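Shown next, in C-alpha cells, is the structure this report addresses.
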DNA sequence: GTACTGATACTCT
DNA sequence: GAGTATCAGTACT
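Structural data, given as C-alpha cells:
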C-alpha cells in the first residue's frame, strides 16, 4: 500500500455519511517527539446531519459541541465516561453540525510508540474509539486542530480493495435504526462486527 | 454480567 | 452557584 498526500480541507466539505465511507482505508498520522504514528482507518460512524437524535448537536449548540458547527476538516475531541477521549472529524460546511467518529484503526507504523502511550502491550491496541485515542496520545488539546496540516493529519492511500459493511451505530439509545456505521469487511481491528 | 470514572448539561435554589 | 442524572467505553470477574 502507498501512502499519499494529506487530504485537503475540501475533502471534508461533504455530508458526514459520504465522508464516513471515504475515510475507510485512509491513513491517520500523528507526529510525536518520539517519531511518527500511522494507522489505517478501518471503522467509522457518521453523526449529525439534520435529524440525528444520537448526535451531541441534535438539541442545541453548546460550548462542547460548537466545533461540530464550524468549518470541515477539524478535529472534535471530547471526554466521556470519566476516562476516555473520543476522536471525530468535523464534516460538511460551516453551520451544519456533523462529524465522523473514528472508532478503530489498524496500526501501520510507530507501534512501539503506541504501546508507550497506551501503557502496556495488548493485541488489538487500536480496536475501539477510546483505545485508538489513547494509543495515539490524543487528548482534549487536539480539539479544534486542523487535519489538513500540522501535527495530526489524514493522508490519502491507494488502498481501495476492500468491502464496506454497513451496520447500526454502537453505544447509543436513539437513532439505532440508521445504518450509519461503516467498517472494512474482515479487518480484525474492527471493534464490533 | 458489573465497576468505574469525571465532564457535561440540566434542574433546581 | 450547587446538586444530580446522564454518557458515542473499557476492563474486569
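In my numbering, the protein residues as written are 1243 to 1435.
Using N, Cα and C, we set each Cβ at its ideal position, and we do this for glycine too.
Note that the coordinates shown come from a computational prediction; the quantities given were computed from them, not determined experimentally.
Which of helix, strand or coil DSSP assigns to residue i
| i | result |
| --- | --- |
| residue 1248 | strand |
| residue 1299 | helix |
| residue 1401 | coil |
| residue 1323 | coil |
| residue 1433 | coil |
| residue 1390 | coil |
Host alpha helix (DSSP H) of residue i (start-end)
| i | result |
| --- | --- |
| residue 1372 | 1371-1378 |
| residue 1360 | 1353-1360 |
| residue 1446 | Limits of the chain in this structure are 1243 at one end and 1435 at the other, which puts residue 1446 out of reach. |
| residue 1311 | 1308-1311 |
Whole-angstrom C-beta distance between residue j and residue i, which should lie under 8 Å
| i | j | result |
| --- | --- | --- |
| residue 1269 | residue 1251 | Their Cβ separation, rounded to whole angstroms, is 17 Å, which puts residue 1269 and residue 1251 out of contact at 8 Å. |
| residue 1433 | residue 1345 | 6 Å |
Beta strand (DSSP E) segment containing residue i, residue limits
| i | result |
| --- | --- |
| residue 1437 | Outside the shown range of the chain, which is 1243 to 1435, sits residue 1437, and nothing can be said about it. |
| residue 1424 | 1423-1426 |
Query raised in the report: What residue ranges within the stretch 1272-1299 form continuous beta strand (DSSP E) runs of no fewer than 3 residues, ordered along the chain?
Result: 1277-1290
Report task. Mind the definition here: the stretch 1378-1389 touches the stretch 1314-1326 only if three or more C-beta pairs lie below 8 Å; say whether that holds. Result -> yes
Query - Cβ contact check for the stretch 1359-1379 and the stretch 1296-1305: 3 or more pairs under 8 Å - result: no
**Report entry** Validate contact between the stretch 1416-1425 and the stretch 1399-1408 using beta carbons, cut 8 Å, 3 pairs
**Finding:** yes
**Report entry** Validate contact between the stretch 1326-1334 and the stretch 1349-1367 using beta carbons, cut 8 Å, 3 pairs
**Finding:** no
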